[in-house]
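**Student:**
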Amino acid sequence: MGLICKHDWLKDKSDQLGDLLFEDCQSEDEFGLITDLLDRFMFITAEQFVENINSLVLDIVTTPDIQPENTIVAAMAADSSADSSQYLVHHIKGKLQDAGWGNVEIVNTFGVAFRHSKNSNFTRNNIILVDEFVGSGRTAVGRVQTIRSQFHNANQEVNVLVKSVFASVVGVRCLTDSGINFTFIEKVNRGISDYEDSENIEHKINLMLEIERRLEPVVKKLNLSDCSLGYGKVESLFGIKDQNISNNVFPVFWWPERTAKAARKPLFTRWMGD
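All residue numbers for the sequence shown refer to the working numbering, where the first residue is 37 and numbers rise by one.
Okay, structure coming up:
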């Protein structure tokens, strides 16, 4: 199959690829759309991910006007549940120390950043929120607003920054429009809207919506409608090897069931408990 020859990451997914192309696609146009999207897919190998994390660490330690002694690096996660941002902060601890940032404070959830700053008598008033991937941007904006409100209520100044390894164009726009200091290593375009001519976008979107109509509407209390075209209509084509796929990715690539609870062989796996 030509796609497998072109993309190494598909070589161990031949069964899933066949299921996607020959079961989910019911017309030549749908087949062509899925093929185009797979050609555009940004699949990150483990080696590439390490390189990107190293770039994120460099971005952190070269941020102007902040020092490790007055900074807290916080995962974007809200609680102790398994989260990619917590994996990220664990991964960068040693790298930050090697870069001369051994005195920075690192926390696993954004919600404790205020308390840790308070414990330092608010000398640590630079809060850097980090995540692997910013999709719609809504979560990141909400986290920043919460932290700013906490410091405001305590009559304290705070400088909140957001840094991610990857960011969708939708998320970049959302954070930028919100006036948030945001940097990222790689941008992820919308899979249809940023590639197709303006006169073709609606047609291609409608093709994808038609494919989605053949997927089971609700799985484990998760509504497909919430993730249509990718959560937040982000249209992401992005994944990291052996990691949980983002819900910002078109659900046709990870949704586990067709209508009538018929099982699928999705190209990627997403934990359906969150």
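Think of the CB as a built atom: it goes at the ideal place given N, C-alpha and C, for glycine as much as any other residue.
#1: Return the first residue and the last residue of the beta strand (DSSP E) that M78 is part of.
#2: For a test of the three-state rule: what should DSSP assign to F146, helix, strand or coil?
#3: Using a threshold of 8 Å, state whether the C-beta atoms of P302 and Q52 are closer than that.
#4: Measure how close the beta-carbons of R179 and I108 come, nearest whole angstrom, since I'm counting them as under 8 Å.
#5: Nearest to E66 by alpha carbon, out of I247, N283 and D44?
#6: Buried or exposed for W307, please, with buried defined as at least 16 other CB atoms from any protein chain shown within 10 angstroms of its CB.
#7: How would you call C41, buried or exposed, if buried means at least 16 neighbouring beta carbons within 10 angstroms?
#8: Nearest chain B C-beta to R300 closer than 8 Å, yes or no?
#9: How many Å lie between S36 and S261 at the Cα?
#10: Going by DSSP, what residue range makes up the beta strand (DSSP E) through I221?
#11: Under the assumption that A111 contacts L124 (Cβ atoms under 8 Å), give the Cβ distance between them as a whole number of angstroms.
#12: DSSP on S50, reduced to helix/strand/coil?
#13: Quick one, are the C-beta atoms of L251 and T295 less than 8 Å apart?
#14: When the Cβ atoms of the segment 213 to 232 are set against those of the segment 73 to 80, are three or more pairs found closer than 8 Å?
#15: Which residue's Cα is closest to the Cα of N217: D134, L92 and L197?
#16: Out of A176, Q133, F79 and P292, which has the shortest C-alpha to C-alpha gap to C211?
#17: Answer yes or no: do V166 and I183 have a C-beta to C-beta separation smaller than 8 Å?
#18: Determine the DSSP secondary structure at F202, reduced to helix, strand or coil.
#19: Evaluate L92 with the Cβ neighbour count: other Cβ atoms within 10 Å of its Cβ, from every protein chain shown; 16 or more gives buried, anything less gives exposed.
#20: Measuring only the C-alpha atoms, how far is K297 from E59?
#21: Would you mind giving the Cβ-Cβ distance between V206 and S234, rounded to the nearest angstrom? I have them listed as a contact below 8 Å.
#22: Give the secondary structure of L273 by DSSP, where H, G and I count as helix, E and B as strand, and everything else as coil.
#23: Kindly provide the ranges of any beta strand (DSSP E) runs that are 3 or more residues long and lie completely inside the segment 85 to 150, ordered along the chain.
#24: Which first and last residues belong to the beta strand (DSSP E) in which N162 is found?
#25: For K240, which of Q62, G68 and S50 has the nearest alpha-carbon?
**Tutor:** According to the data block:
#1: For M78, the enclosing beta strand (DSSP E) stretches over residues M78 to I80.
#2: helix
#3: Taking 8 Å as the Cβ cut-off, P302 and Q52 qualify as a contacting pair.
#4: At roughly 13 Å, the Cβ-Cβ gap does not stay under 8 Å, so R179 and I108 are not in contact.
#5: Selected option, being the one with the closest Cα: I247.
#6: Exposed, since its Cβ has fewer than 16 Cβ neighbours within 10 Å.
#7: exposed
#8: No chain B is present in this structure, which holds just one protein chain.
#9: The first residue shown for the chain is 37 and the last is 310, placing residue 36 beyond what the model contains.
#10: N217 to V224
#11: 7 Å
#12: The three-state secondary structure of S50, taken from DSSP, is helix.
#13: yes
#14: Cβ pair count under 8 Å is three or more, so yes.
#15: L197
#16: As written in the sequence, residue 211 is Leu, which differs from the Cys given in the question. Minimum Cα distance to L211 is reached at A176.
#17: No. Outside cutoff.
#18: strand
#19: buried
#20: 15 Å
#21: V206 to S234, Cβ: 18 Å. No contact.
#22: coil
#23: 107 to 111 and 141 to 143
#24: N162 to V170
#25: G68
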